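**Q** Chains as they are written, first to last, in this note's numbering: chain V, 123 to 230; chain C, 1251 to 1362.
Built from N, CA and C at the ideal position, the CB exists for glycine as well.
Remember, predicted model here, so these are calculated numbers, not experimental data.
Below you will find the structure I want to go over with you.
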């Protein structure tokens, strides 16, 4: 299957700081999604972004498919941003492979 | 309200006793999928379904069965559960395979 590596594995931020999370993948993909798992375990879809750039409020994401990576930017972080961020990829209508996530802790 | 509903949310059972985890979505989505989440291993896909009567194996299908007789429902069946299937299970759906996936709240299974 496709290998998905996320970095950093853990990140601690002061409230108000900005951060960049990275997702590298080993093969060409045409499906890439970012998810946030909150402290209660719920998984929320943040972006469907197989290529290009999207923004949603304080969050934005960029995928450079030709170079096999995606970035998730979080600006002016808030305590509610805490949790684990997952990147997931697929090549065609096949298995969706998840990275092991970046655990973000935002301190007040 | 648009949602993916899983039941039960928690279950403790014993080895070998057949169980079914139900998943239902009310968004008329074609694509549905099951995942398991284990510490250190992240989320892994068990089975997925592109549409009614179409199912395919994911990364870790052994020990599981699924069916897709209707568009809204995608149950996960453990015919003879074993302790290594103790995990947190998620069902997800999307309009098609290349659209954002929406997840249920999860089912925590403990097999003793």
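Tell me whether the beta-carbon of residue 1358/C lies closer than 8 angstroms to the beta-carbon of residue 1260/C.
**A** Taking the first residue of the second chain as 1, we reach residue 1358/C at position 108. Taking the first residue of the second chain as 1, we reach residue 1260/C at position 10. In this structure, residue 1260/C lies closer than 8 angstroms to residue 1358/C by Cβ.
**Q** Closer than 9 angstroms between beta carbons: that is the criterion. Which residues of the region 1299-1324 of chain C meet it against chain V?
**A** Result list: 1300, 1306, 1307, 1308, 1309.
**Q** Just to confirm, are residue 151/V and residue 213/V a CB contact at a threshold of 8 angstroms?
**A** For the purposes of this step, residue 151/V is taken as the residue at position 29 of the first chain. For the purposes of this step, residue 213/V is taken as the residue at position 91 of the first chain. In contact: residue 151/V and residue 213/V (Cβ atoms closer than 8 angstroms).
**Q** Which partner residues does residue 106/V have in the DSSP bridge list?
**A** Not covered by the structure: residue 106/V. The range shown for chain V is 123 to 230.
**Q** Say whether chain C places a C-beta atom closer than 8 angstroms to the C-beta of residue 140/V.
**A** Position 18 of the first chain, counted from the start, is the residue given in the question as residue 140/V. Residue 140/V does not count as touching chain C.
**Q** Check the Cβ-Cβ distances between residue 1261/C and every residue of chain V, and say whether any is below 8 angstroms.
**A** Here the question's residue 1261/C lines up with position 11 in the second chain. So, not an interface residue.
**Q** Please give me, in chain order, every unbroken run of the beta strand (DSSP E) with length at least 3 that falls completely inside the region 1254-1278 of chain C.
**A** Here the runs fully enclosed are 1254-1257, 1260-1263, 1269-1275.
**Q** In terms of DSSP beta bridges, what is residue 1288/C paired with?
**A** For this step, residue 1288/C is matched to residue 38 along the second chain. 1292/C.
**Q** For a contact defined as C-beta to C-beta under 7 angstroms, what are the partners of residue 1352/C on chain V?
**A** The residue you call residue 1352/C lines up with position 102 of the second chain. Neighbours of residue 1352/C on chain V, chain order: 167.
**Q** What is the rounded straight-line gap between the Cα of residue 191/V and the Cα of residue 1360/C?
**A** Mapped onto the first chain, residue 191/V falls at position 69. Mapped onto the second chain, residue 1360/C falls at position 110. If you take the alpha carbons of residue 191/V and residue 1360/C, they lie about 36 angstroms apart.
**Q** Find the residues of chain C that neighbour residue 164/V, judging by a C-beta separation of less than 8 angstroms, and give them in chain order.
**A** Stepping through the first chain from its first residue, residue 164/V is reached at position 42. Those are 1353, 1355, 1356, listed as they occur along chain C.
**Q** Could you round the C-beta distance between residue 195/V and residue 181/V to whole angstroms and report it? I think they count as a contact, below 8 angstroms.
**A** As a working mapping, residue 195/V is identified with position 73 in the first chain. As a working mapping, residue 181/V is identified with position 59 in the first chain. About 7 angstroms separates the two Cβ atoms, so the contact holds.
**Q** Kindly list, in the order they appear in chain B, the residues whose Cβ is closer than 7 angstroms to that of residue 177/V.
**A** No chain B is part of this structure, whose protein chains are labelled V and C.
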